[in-house]
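First residue of the sequence shown? That's 862 in our numbering, and the numbers climb one at a time after it.
To start, the structure itself, in structure tokens.
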Amino acid sequence: MNICVTAQNNNLESQVDPRFGRCNCFIIVDTETMKFEAINNPSISATGGAGVQAGQLMASKQVKAVLSGNIGPNAFQSLQQAGIDIISGVSGNVREAIERYKKGEFKPTQGPSANSKFGMS
Numbered sequence: 862m863n864i865c866v867t868a869q870n871n872n873l874e875s876q877v878d879p880r881f882g883r884c885n886c887f888i889i890v891d892t893e894t895m896k897f898e899a900i901n902n903p904s905i906s907a908t909g910g911a912g913v914q915a916g917q918l919m920a921s922k923q924v925k926a927v928l929s930g931n932i933g934p935n936a937f938q939s940l941q942q943a944g945i946d947i948i949s950g951v952s953g954n955v956r957e958a959i960e961r962y963k964k965g966e967f968k969p970t971q972g973p974s975a976n977s978k979f980g981m982s
């Protein structure tokens with residue numbers, strides 16, 4: 862199963878990025894093999910719509926869950942419409958987050974955890 866963890870860098874030892882739509886990098890991981898793809902966020906500097914664009918990217922990559930520090934309302938709606946589980950409040954490094962997810966330590970988030978435009982400079 863493929864999941865996405867927002868990351869500050871492009872590897873499994875990276876810290877989880879506290880932002881979804883404006884994270885530095887998306888790490889898409891096959892939880893069975895731990896093979897991963899790191900994608901630099903193409904919407905990091907977007908003036909608007911970064912969360913929706915990130916949500917659409919996750920849907921196109923057919924991820925089943927997104928793990929991040931925070932999820933804004935537009936991203937939440939985009940991910941929810943795609944049937945992707947949303948888990949916010951995640952911290953530590955990416956590898957640890959994946960292991961915790963595999964152990965069932967996270968529960969899906971029931972709503973956005975950040976305001977619109979969270980993470981803009």
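Just so you know, even glycine gets a beta-carbon here, dropped at the ideal spot from N, CA and C.
Treat the numbers as computed from the prediction; the structure is a model and nothing was measured.
Check                                                                                                                    : Outcome
For the region 951–959 against the region 869–888, are there 3 or more C-beta pairs whose distance is under 8 angstroms? : yes
So is T970 buried or exposed if we call it buried at 16+ other beta carbons inside 10 Å?                                 : buried
May I have the straight-line CA-CA distance separating A926 from N935, to the nearest angstrom?                          : 16 angstroms
Using CA coordinates, which residue listed in T892, N870, A868 is at the minimum distance from R961?                     : T892
Which residues does DSSP list as the beta-bridge partners of E966?                                                       : For E966, which the question treats as bridged, DSSP gives no partner whatsoever.
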